[in-house]
Amino acid sequence: MVLLAAPVASTIAADTARWDKFFADWVRPVGQVVIVAAIVLAVMTALSGLLTRTMVSCRAEAWKAPTIRCWTALGGAAMLAVGVLATVYPMFAPFHDAAWLALAFPLGVVLPGLALPVFASGLHWSRAGRLEYDRRRLVMPRGTAVTLALLWAGLLTYFLVAGHQGRLIVADAGLAVLGITAVATALGQSLRIQIEAQDATGAADAAASDYVLSRLQHLSTKSIDRVGISRASELSKLLSEDLSAIPAGNIAGSIAKVLYAIRPGLTWRARVTTIDSDRVTVTLTRNGLHAFTALVSRPELGLPAIPPDTTEPALTGCRDQARAQLLTSAAACILVSLSKGHRELSQGLCGAEQWTAVALHVIATDSAMAGDPPLQRALLRQAVHLQPGYGPARFDYLGAQFMATGRTLDDRLRFARLLAPLVELAKDEDDGTIRFGWETVYLEALYGRIVLWLGGYLGEHGRPDRRKIALLMEAEPTLVADVEACADELSAACATLHARCEQESRRFDTGELLRYIEAMSKRAELIGAMLGLIKDQKHQRGHRPSRWTSPEPDTAPSPELAYSYARLAALVRTCKLDPGPLGEPEDHLALAIAGTKDRRTLKEDPSFVAMLHDRSAGTMRVIGFEDRVGMLELPPFLPFADRLREIGLTSFAALLASTGGGADRQELASYLGVSGLRANQLLGIARLSDLHEDLSRPEVVKVFLDVGVTCPADLRRRVREDSRRLDEALQSTAYDQGVRKERAFAEPERWHRALDGPRIPPARVGSVDIGRNPDPAAAC
641 MVLLAAPVAS TIAADTARWD KFFADWVRPV GQVVIVAAIV LAVMTALSGL LTRTMVSCRA
701 EAWKAPTIRC WTALGGAAML AVGVLATVYP MFAPFHDAAW LALAFPLGVV LPGLALPVFA
761 SGLHWSRAGR LEYDRRRLVM PRGTAVTLAL LWAGLLTYFL VAGHQGRLIV ADAGLAVLGI
821 TAVATALGQS LRIQIEAQDA TGAADAAASD YVLSRLQHLS TKSIDRVGIS RASELSKLLS
881 EDLSAIPAGN IAGSIAKVLY AIRPGLTWRA RVTTIDSDRV TVTLTRNGLH AFTALVSRPE
941 LGLPAIPPDT TEPALTGCRD QARAQLLTSA AACILVSLSK GHRELSQGLC GAEQWTAVAL
1001 HVIATDSAMA GDPPLQRALL RQAVHLQPGY GPARFDYLGA QFMATGRTLD DRLRFARLLA
1061 PLVELAKDED DGTIRFGWET VYLEALYGRI VLWLGGYLGE HGRPDRRKIA LLMEAEPTLV
1121 ADVEACADEL SAACATLHAR CEQESRRFDT GELLRYIEAM SKRAELIGAM LGLIKDQKHQ
1181 RGHRPSRWTS PEPDTAPSPE LAYSYARLAA LVRTCKLDPG PLGEPEDHLA LAIAGTKDRR
1241 TLKEDPSFVA MLHDRSAGTM RVIGFEDRVG MLELPPFLPF ADRLREIGLT SFAALLASTG
1301 GGADRQELAS YLGVSGLRAN QLLGIARLSD LHEDLSRPEV VKVFLDVGVT CPADLRRRVR
1361 EDSRRLDEAL QSTAYDQGVR KERAFAEPER WHRALDGPRI PPARVGSVDI GRNPDPAAAC
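According to my numbering, the residues represented by the sequence shown are 641 to 1420, in order.
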């Protein structure tokens, strides 16, 4: 056993000796080099972060990303060289002063070091070969540039006159200066931003910080037009890694602020302070220097104040909405301010330079504004007034203005012409290509022009009397050719933008835009098919069979694409052709229509005018139009629907029965909280339905209201003036609303005779008969 233990012990001793030698020769020296180099790099990196405020002006426009990466790589390499040489040379002295060092230092260190202040001070070589100054290229303050130039001149002078040891020290110092200044200049142009939100007392508001952060990353608008376009336009190009927030709590907040001061690359800091329910302030700093301050005020933005008589729970909802609007405006203010220093952000903003215009646009297109179209149009008008060239706001303003019109054929042609300048605005002035960031605006405007024209055509095409569209074709014979040209341009643009997005996907996330372009490309194909069908029907003579072929629909279309298929299928039905693989419009509408809002949009779409009047096809049942309109759904009664429903007054008969046909209007006015004149208007509408049995249905009364008849007196006056003209107006409006087969419009002479002896119930004792009141305001 002893003989066997001796060799084992000697082997262990030999292995230990070899490990000790390896540790002493390699691990310990390398560890010393790595530790010292890491300390040197950490110190220089911290110095770079602290010097950003002296290297980059607070109003400087940042360089492009490749330029910043080049200077970061050069500075990082220089700092790494300093960290390694600070330990390797004293330990090993791997080289000595030689002729190569006399060339390497001026060319490899001094020249890049001098190029940095020259390049950052706005000087550049023009195409003519002259050295010119461009203020837009100014990044480094002039004092810093002069100081660096003098420092490099001093280092080069000392290097040339110094001895062997002095040259190495100067070279090491020069590398440190180059690394620190290059990295500091690059870090000072970073896009990273930190958000700090606080209330009026100065306490941290974590909820507001999170809301502003989410808005900065997803500041978008929803198009409000009704021409078949539905896509959120992303205004922000910020990435999640660029955003951070000061955490809540005194200790955590204080630590975060200290780390912010020394953390390299955290360039921007925004502080949002809530003053009250109508005002917040936004302060933006860059590298610790004040860059921008703004006061965001709801009254100055034109937003209405909360009514003083608002009670809970409506009061809480109004305050939350006002707070969201203020924080959204603060996010728009920050984003537009950042875009002035980082031009890549201005692409998403379509060149907007007024933060108020962006804030008004985002607020106006928010879903909370859908119930107040006049305020929506006022906000969009102000946004366009502040920034006329702001494409997204201009498009939405035109859409809102169009929705406020009667949407007649003339209105559609007019707004199609108004969209033409917006299409040109989205193109580059030099080469005519679509400007970056304007892709959505361009496609929406071009598609909107086509759909507006087609809507006007199809609305008149589905009418029994097509004289108006015949006159249109005679007045504008090139209109079809112009629309075909727009459709071809849309298809070509989709192909071009699709290829461009695939190229840009290597640098940016273009997935959402790419999906939108693909969907728009499919719509362009359907538009081409629709135009082909229109041309085929226009040139068809006699009994010659149609040459038009139906396109093959997608197996799994989106609801929006299904709606486009339904449009084409509705036209095929109007032309009495075989739909083929396209199928019936009801099949596509079953996927596209999901609620009351969608059904209302469908009913207002001229593409389905003829189909909605074909009751025999069962279309109304398929898409959910079987329910008739009630009294409380008429516009004059809509604001009081809840109050009237509480007491069971949901029909004209119930309203007239409860008042006996002549109740005191002040009694009704007091209950509804309106003037006596307004109550008299409601009762006048109810009495209009009581003139004849053909006028008793709310759908029929709505047609009379749309042509301006609001009471029996109005109806008698219009009949006396021009009964034929009134009947034509009623029949045209009834056709648009899908009730032209009602007897009130098919046989108007029936209720004409009833006007000679209207049924006016006698007045009750103690009441005022509104029908016999001598007050002119109660004449109806």
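The C-beta atom is built at its ideal place from N, Cα and C for all residues, glycine as well.
Just so it is clear, the structure is predicted and the values come from calculations on it, not from any experiment.
Residue i and residue j closer than 8 angstroms at C-beta
| i | j | result |
| --- | --- | --- |
| Gly991 | Val823 | no |
| Val722 | Leu856 | no |
| Ser1190 | Leu1229 | no |
| Asp1068 | Arg1075 | yes |
| Arg959 | Val936 | no |
| Ile915 | Thr907 | no |
| Val1002 | Thr968 | yes |
| Leu1211 | Met1160 | no |
| Val1081 | Pro1032 | yes |
| Val1343 | Leu1322 | no |
| Trp711 | Val750 | no |
| Arg693 | Leu929 | yes |
| Val852 | Ala970 | yes |
| Leu978 | Ile833 | yes |
| Ala1319 | Ala1309 | yes |
| Pro1199 | Gly1095 | no |
| Arg1390 | Asp1346 | no |
Beta-bridge partners of residue i, as assigned by DSSP
| i | result |
| --- | --- |
| Thr656 | Thr656 pairs with nothing; no bridge assigned. |
| Trp908 | Ile833 and Arg926 |
| Asp916 | Arg919 |
| Lys1342 | DSSP output for Lys1342 lists no bridge partner at all. |
| Lys1067 | Ile1074 |
| Ser937 | Arg919 |
| Ala970 | Note: Ala970 sits in no beta bridge, so no partner. |
| Leu827 | For Leu827, which the question treats as bridged, DSSP gives no partner whatsoever. |
| Ala1023 | Ala1023 pairs with nothing; no bridge assigned. |
| Gln838 | Ala844 and Thr913 |
Exposed unless 16 or more other CB atoms sit within 10 angstroms - verdict on residue i
| i | result |
| --- | --- |
| Arg1399 | For Arg1399, the pLDDT reaches just 43, beneath the cut-off of 50, and the residue's location in the model is therefore unreliable, although a value from the coordinates is still provided. Exposed, by the Cβ-count rule. |
| Ile895 | Because the pLDDT of Ile895 is 48, which lies under 50, any placement of that residue in the model is unreliable, and the number read from its coordinates should be weighed accordingly. Its Cβ having fewer than 16 others within 10 Å, Ile895 is exposed. |
| Ala954 | exposed |
| Phe662 | exposed |
| Leu943 | buried |
| Ala1202 | buried |
| Arg1207 | buried |
| Ala931 | buried |
| Glu1152 | exposed |
| Ser986 | buried |
| Val801 | exposed |
| Ile1325 | buried |
| Ser650 | exposed |
| Ser761 | buried |
| Lys1381 | exposed |
| His982 | buried |
| Val1249 | buried |
Where residue i falls: helix, strand or coil (DSSP)
| i | result |
| --- | --- |
| Thr651 | helix |
| Ile1465 | In the structure as shown, the chain begins at 641 and stops at 1420. Residue 1465 is therefore absent and cannot be evaluated. |
| Arg699 | coil |
| Gly1316 | helix |
| Phe745 | helix |
| Asp812 | helix |
| Thr1005 | coil |
| Ser774 | The question names Ser, but residue 774 in the sequence shown is Asp. Of the three classes helix, strand and coil, the one that applies to Asp774 here is strand, per DSSP. |
| Ser1145 | coil |
| Leu1395 | coil |
| Ala686 | helix |
| Lys862 | In this predicted model, Lys862 has a pLDDT of only 47, less than 50, meaning its place in the structure is not dependable; the value taken from the coordinates is given anyway. Strand. |
8 angstroms contact criterion, which residue i and residue j should meet: CB distance rounded
| i | j | result |
| --- | --- | --- |
| Ile1090 | Ile1167 | 6 angstroms |
| Gly819 | Ala718 | 3 angstroms |
| Val1341 | Leu1328 | 6 angstroms |
| Val1063 | Ala1044 | About 22 angstroms separates the two Cβ atoms, so there is no contact after all. |
| Ser837 | Val912 | Reading off the sequence, residue 837 comes out as Ala, not Ser. Between Val912 and Ala837 the Cβ distance is about 5 angstroms, and since that is below 8 angstroms, they are a contact. |
| Met1271 | Pro1352 | 17 angstroms between Cβ atoms; not a contact. |
| Glu1224 | Ala1234 | Rounded, the Cβ-Cβ distance is 19 angstroms, inconsistent with contact. |
Closer than 8 angstroms to chain D by CB, residue i
| i | result |
| --- | --- |
| Leu1130 | In the structure shown, chain D cannot be found, because there is only a single protein chain. |
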